[in-house]
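Participant:
Protein chains: 2
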Amino acid sequence: MTDKQPYGTVLIKAARIMDLLASTNEALSLQQISRGTDLTSSTALKILDTLVIIGYVNKDLKTKHFTLGSKLIRYANRFIEQQDLVFVARPFLEELQSKVNETIHLGVPKENGVMYVEKLEPKNQSIYMTSRIGGIRSLYSSAMGKAILAEYGSKELEQYFERTELIPYTAHTITNYLQLQEEIKNIQQVGVAFDDEEMEADCFCVGAALLRDREVVGAFSVSMPKYRLTSAFREKIILEIKKTKMKIEEVLNQ
Amino acid sequence: MTDKQPYGTVLIKAARIMDLLASTNEALSLQQISRGTDLTSSTALKILDTLVIIGYVNKDLKTKHFTLGSKLIRYANRFIEQQDLVFVARPFLEELQSKVNETIHLGVPKENGVMYVEKLEPKNQSIYMTSRIGGIRSLYSSAMGKAILAEYGSKELEQYFERTELIPYTAHTITNYLQLQEEIKNIQQVGVAFDDEEMEADCFCVGAALLRDREVVGAFSVSMPKYRLTSAFREKIILEIKKTKMKIEEVLNQ
DNA sequence: TAAACTATTTCTTATATAGAAAGGCGGAAT
DNA sequence: ATTCCGCCTTTCTATATAAGAAATAGTTTA
Chain A
0 MTDKQPYGTV LIKAARIMDL LASTNEALSL QQISRGTDLT SSTALKILDT
50 LVIIGYVNKD LKTKHFTLGS KLIRYANRFI EQQDLVFVAR PFLEELQSKV
100 NETIHLGVPK ENGVMYVEKL EPKNQSIYMT SRIGGIRSLY SSAMGKAILA
150 EYGSKELEQY FERTELIPYT AHTITNYLQL QEEIKNIQQV GVAFDDEEME
200 ADCFCVGAAL LRDREVVGAF SVSMPKYRLT SAFREKIILE IKKTKMKIEE
250 VLNQ
Chain B
0 MTDKQPYGTV LIKAARIMDL LASTNEALSL QQISRGTDLT SSTALKILDT
50 LVIIGYVNKD LKTKHFTLGS KLIRYANRFI EQQDLVFVAR PFLEELQSKV
100 NETIHLGVPK ENGVMYVEKL EPKNQSIYMT SRIGGIRSLY SSAMGKAILA
150 EYGSKELEQY FERTELIPYT AHTITNYLQL QEEIKNIQQV GVAFDDEEME
200 ADCFCVGAAL LRDREVVGAF SVSMPKYRLT SAFREKIILE IKKTKMKIEE
250 VLNQ
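Protein chains in written order, with numbering that gives the first Met the number 0: chain A, 0 to 253; chain B, 0 to 253.
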């Protein structure tokens, strides 16, 4: 019963500081940081100085205020590239894109939700794209998420229900466990999942999960404004999604 | 002459590990990390364990290999949002976008170059966008960069020349300091900078610097494939860039 | 099954860290 | 201008932590 020797105390404190800096768009003073992290100002300052040296934090020399550093972007870009699902799936998603000409997302399961790791845009819309990559959506309210849920076993699903509250985002969000269970059964039969304005008004999505060795490793979806949805287009998208899913999984499973 | 007390040794070692993990797309073993960073494997492992706890590193439980963690994406997204230049400039860049319908970049000076912090895409092209945001281009070979150089004072410029080798990227890259100086004079007269296939074949850009309190805080540019460039379009772009620069700077300088 | 490698834990010493307190600096108020 | 006040920075030392060698556990190869 010997307690493990503690380690990385400075790292953990540094991470607290980083999280605090990442919790706001404002530049923070030493005081704000030391109060916000329960560190003495001398300790916080020494850690901050080191974080500045390694490029994780920026210090405004005039105001003495701190913000996140630019090195983090390099890390993030590399993180995305290290998700080999992105590498594998991207060419097929591009192909899908060329056929449906709508927004396409790729996501991976993360923290009881699904995290966007790739996004293909169709139009002239100028989008602030980085605000989305890395974003996490709940499983029960998105096409990708429901496609993932449809691959869960029954006890896995039960555990999901236990730990998850079905909060409505729109009037269409499914907030009832029985109804969600019905929906999941339907997805298992049809082979694709839908999001009919359940996350965002006017937004319709069709998605499918991606399995490697019978395990969910991600999901992808096509999203569009609802006014562009005709029943013929809907059928086309379903067909193309199924084809794309097959192609990607073929590669994923060697 | 008392040496400063060392601090943040673990942080710096952790950063070495992070940098190593960010230097490749491969997942790395403990051995590879301990060799690549000159840390003993026990030290490296303890740091890695902590990095996993705080979400900076991912450990594959099967292979025991390490990759970067997903928390870095959150940091990166927030970093972008903390660049308040992005907030200020975006609406004007979107307006510009709607007029020229070509790719628009926004950058900030960083490490003897210019770092992309925003990108507005015009077309149906599916772009792997995160690979660009955060990317750094040299000053002498890009429209944004040369626009920044044109705001340098003469001694500042001399210092830049001293520390910078003019490496050619294409046959059109300016690799001669006198020629570059001529070009800069021209930019100062015309008010915008050009990149005529100097960075990438077939790519033509027009850019301008953004000043706050007479200090360069960024730059933006319009990029297009050269075959779409007519002389009328060129003039239109120059005009629109000048207008956009004025509008953004008006806000930047309150 | 053994051999060879790699990951993990243990243990001890030397070292880095935490935090209080003092000192410095700059902006605000008078 | 001068004082005051708040925040940033430095100093110092007991103490908690880190480093590394070596033992152990685990895994792959032959």
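Idealized CB from N, CA, C, for every residue including glycine.
Predicted, not measured: the structure shown is a model, and the values here were computed from it.
Taking the C-alpha atoms as reference points, what is the distance between residue 125 of chain A and residue 154 of chain A?
Facilitator: Your numbering for residue 125 of chain A matches position 126 in the first sequence. Your numbering for residue 154 of chain A matches position 155 in the first sequence. Confidence at residue 125 of chain A is low in this model, with a pLDDT of 34, below 50, so the placement of that residue should be treated as unreliable; the coordinate-derived value is given next. If you take the alpha carbons of residue 125 of chain A and residue 154 of chain A, they lie about 43 angstroms apart.
Participant: Would you report the Cα separation of residue 174 of chain B and residue 160 of chain B, rounded to the nearest angstrom?
Facilitator: Position 175 of the second sequence holds residue 174 of chain B. Position 161 of the second sequence holds residue 160 of chain B. A straight line joining the alpha-carbon of residue 174 of chain B with that of residue 160 of chain B spans about 11 angstroms.
Participant: What first and last residue would you give for the alpha helix (DSSP H) that runs through residue 66 of chain A?
Facilitator: Here residue 66 of chain A refers to the residue found at position 67 of the first sequence. Annotation for residue 66 of chain A: no alpha helix (DSSP H) segment contains it, though the beta strand (DSSP E) segment containing it runs 65 to 67.
Participant: Which residues of the region 236 to 250 of chain A have a Cβ closer than 8 angstroms to any Cβ of chain B? Give them in chain order.
Facilitator: none
Participant: When you compare only the Cα positions, how much space is there between residue 86 of chain A and residue 157 of chain B?
Facilitator: Taking the first sequence and counting its residues from 1, the one referred to as residue 86 of chain A is at position 87. Taking the second sequence and counting its residues from 1, the one referred to as residue 157 of chain B is at position 158. Cα-Cα distance, rounded: 43 angstroms.
Participant: Can you tell me which residues form a DSSP beta bridge with residue 104 of chain A?
Facilitator: By 1-based counting over the first sequence, the position of residue 104 of chain A is 105. The bridge partners DSSP lists for residue 104 of chain A are A:118 and A:220.
Participant: Would you list the one or two residues that DSSP bridges to residue 269 of chain B?
Facilitator: With chain B represented from 0 up to 253, any question about residue 269 of chain B goes unanswered, as that position is not in the structure.
Participant: Is there at least one Cβ from chain B nearer than 9 angstroms to residue 11 of chain A's Cβ?
Facilitator: Translated into positions along the first sequence, residue 11 of chain A becomes position 12. Yes, residue 11 of chain A lies at the interface with chain B (some Cβ there is under 9 angstroms from its Cβ).
Participant: Output needed for residue 17 of chain A: all residues of its chain with C-beta closer than 8 angstroms, excluding positions within five of it in sequence on either side, in chain order.
Facilitator: Here residue 17 of chain A refers to the residue found at position 18 when the first sequence is read from its first residue. Here the set comprises 50, 55, 56 and 67.
Participant: Straight-line CA distance for residue 4 of chain B to residue 48 of chain A?
Facilitator: The sequence position of residue 4 of chain B within the second sequence is 5, counting from 1. The sequence position of residue 48 of chain A within the first sequence is 49, counting from 1. So the alpha carbons of these two residues sit roughly 13 angstroms apart.
Participant: Any beta carbon of chain A sitting closer than 9 angstroms to that of residue 72 of chain B?
Facilitator: The residue given as residue 72 of chain B occupies position 73 in the second sequence. Judged by the 9 angstroms Cβ criterion, residue 72 of chain B is in contact with chain A.
Participant: Going by DSSP, what residue range makes up the beta strand (DSSP E) through residue 192 of chain A?
Facilitator: The residue labelled residue 192 of chain A in the question sits at position 193 within the first sequence. Note, residue 192 of chain A: beta strand (DSSP E), 192 to 195.
Participant: Run through the DSSP bridge pairs and tell me what residue 137 of chain A is partnered with.
Facilitator: Looking up residue 137 of chain A in the first sequence gives position 138. DSSP output for residue 137 of chain A lists A:112 as bridge partner(s).
Participant: Which of the three DSSP states is assigned to residue 61 of chain B in this structure?
Facilitator: By 1-based counting over the second sequence, the position of residue 61 of chain B is 62. Coil at residue 61 of chain B, not helix or strand.
Participant: Given this structure, state the Cα-to-Cα distance separating residue 127 of chain B from residue 76 of chain A, to the nearest angstrom.
Facilitator: Position 128 of the second sequence holds residue 127 of chain B. Position 77 of the first sequence holds residue 76 of chain A. Only weak support is given to the placement of residue 127 of chain B: the predicted model assigns it a pLDDT of 36, under 50, and the value that follows is read from those uncertain coordinates. One C-alpha to the other measures close to 10 angstroms.
Participant: Measure from the C-beta of residue 17 of chain A to each C-beta in chain B and report whether the shortest distance is under 9 angstroms.
Facilitator: Position 18 of the first sequence, counted from the start, is the residue given in the question as residue 17 of chain A. Yes, its Cβ sits closer than 9 angstroms to a Cβ of chain B.
Participant: Any Cβ of chain B within less than 9 angstroms of the Cβ of residue 78 of chain A?
Facilitator: Here residue 78 of chain A corresponds to residue number 79 of the first sequence, with the count starting at 1. So, interface residue.
Participant: Taking 9 angstroms as the CB-CB cut-off, is residue 50 of chain B touching chain A?
Facilitator: As a first step, residue 50 of chain B must be located in the second sequence, where it is residue number 51. Chain A, which has a Cβ nearer than 9 angstroms to the Cβ of residue 50 of chain B, makes this yes.
Participant: For residue 165 of chain B, which three-state DSSP category applies?
Facilitator: For the purposes of this step, residue 165 of chain B is taken as the residue at position 166 of the second sequence. DSSP places residue 165 of chain B in coil when its eight states are reduced to three.
Participant: Which residue wins for smallest C-alpha separation from residue 209 of chain A, given the options A:146, A:236 and A:162?
Facilitator: As a position in the first sequence, residue 209 of chain A is number 210, starting the count at 1. The candidate whose alpha carbon is nearest that of residue 209 of chain A is A:146.
Participant: Residues of chain A with CB closer than 7 angstroms to the CB of residue 6 of chain B, please, in chain order.
Facilitator: For this step, residue 6 of chain B is matched to residue 7 along the second sequence. Residues of chain A passing the Cβ test: 45 and 49.
Participant: Can you give the Cα-Cα distance for residue 96 of chain A and residue 28 of chain A, rounded to whole angstroms?
Facilitator: Taking the first residue of the first sequence as position 1, residue 96 of chain A is located at position 97. Taking the first residue of the first sequence as position 1, residue 28 of chain A is located at position 29. If you take the alpha carbons of residue 96 of chain A and residue 28 of chain A, they lie about 46 angstroms apart.
Participant: Run through DSSP, which three-state label would residue 228 of chain A get?
Facilitator: Within the first sequence, residue 228 of chain A is the residue found at index 229, counting from 1. Three-state DSSP puts residue 228 of chain A in coil, outside helix and strand.
Participant: Please check the pair residue 199 of chain B and residue 172 of chain B, which I expect to be a contact at CB under 8 angstroms, by giving their CB distance rounded to whole angstroms.
Facilitator: In the second sequence, the residue the question calls residue 199 of chain B occupies position 200. In the second sequence, the residue the question calls residue 172 of chain B occupies position 173. Not confirmed; about 10 angstroms, so no contact.
Participant: So who's on the other strand from residue 47 of chain B, going by DSSP bridges?
Facilitator: What you label residue 47 of chain B is simply residue 48 of the second sequence in a count that begins at 1. Answer by DSSP bridge pairing: none, since residue 47 of chain B is not bridged.
Participant: Return the chain-ordered list of same chain residues with a C-beta closer than 6 angstroms to the C-beta of residue 33 of chain B, the five sequence neighbours on each side being excluded.
Facilitator: To locate residue 33 of chain B, count along the second sequence from 1; it is residue 34. Correct list, in chain order: 40 and 43.
Participant: Find the residues of chain B that neighbour residue 14 of chain A, judging by a C-beta separation of less than 7 angstroms, and give them in chain order.
Facilitator: Here residue 14 of chain A corresponds to residue number 15 of the first sequence, with the count starting at 1. What residue 14 of chain A touches in chain B: 53.
Participant: Rounding to the nearest angstrom, what Cα-Cα distance links residue 149 of chain A and residue 170 of chain A in this structure?
Facilitator: Taking the first sequence and counting its residues from 1, one reaches residue 149 of chain A at position 150. Taking the first sequence and counting its residues from 1, one reaches residue 170 of chain A at position 171. Taking the straight line from one Cα to the other gives about 22 angstroms.
Participant: Which chain A residues are close to residue 67 of chain B, counting only those with a beta carbon under 7 angstroms from its beta carbon?
Facilitator: Mapped onto the second sequence, residue 67 of chain B falls at position 68. Neighbours of residue 67 of chain B on chain A, chain order: 74, 77, 78 and 81.
Participant: Less than 6 angstroms between C-beta atoms, sequence neighbours within five positions excluded: which residues of the same chain meet that for residue 236 of chain A?
Facilitator: For the purposes of this step, residue 236 of chain A is taken as residue 237 along the first sequence, with counting starting at 1. Hits under 6 angstroms: 99, 205 and 221.
Participant: From the DSSP output, in three-state form, read off residue 152 of chain B for me.
Facilitator: For the purposes of this step, residue 152 of chain B is taken as residue 153 along the second sequence, with counting starting at 1. Here residue 152 of chain B sits in coil by DSSP.
Participant: Residue range of the alpha helix (DSSP H) that residue 33 of chain B falls in?
Facilitator: For the purposes of this step, residue 33 of chain B is identified with residue 34 of the second sequence, where counting begins at 1. Start and end: 29 to 36.
Participant: What is the DSSP secondary structure of residue 7 of chain B, reduced to helix, strand or coil?
Facilitator: As a working mapping, residue 7 of chain B is identified with position 8 in the second sequence. Correct three-state label for residue 7 of chain B: coil.
Participant: Based on DSSP bridge pairs, tell me the residues matched to residue 206 of chain A.
Facilitator: Here residue 206 of chain A refers to the residue found at position 207 of the first sequence. A:192 and A:220.
Participant: Would a C-beta distance cut-off of 9 angstroms place residue 201 of chain A and residue 184 of chain A closer than the cut-off?
Facilitator: Your numbering for residue 201 of chain A matches position 202 in the first sequence. Your numbering for residue 184 of chain A matches position 185 in the first sequence. In this structure, residue 184 of chain A does not lie closer than 9 angstroms to residue 201 of chain A by Cβ.
Participant: Among all the DSSP beta bridges, which residues are the ones paired with residue 56 of chain A?
Facilitator: By 1-based counting over the first sequence, the position of residue 56 of chain A is 57. In the DSSP output, where bridge partners are listed per residue, residue 56 of chain A has A:67.
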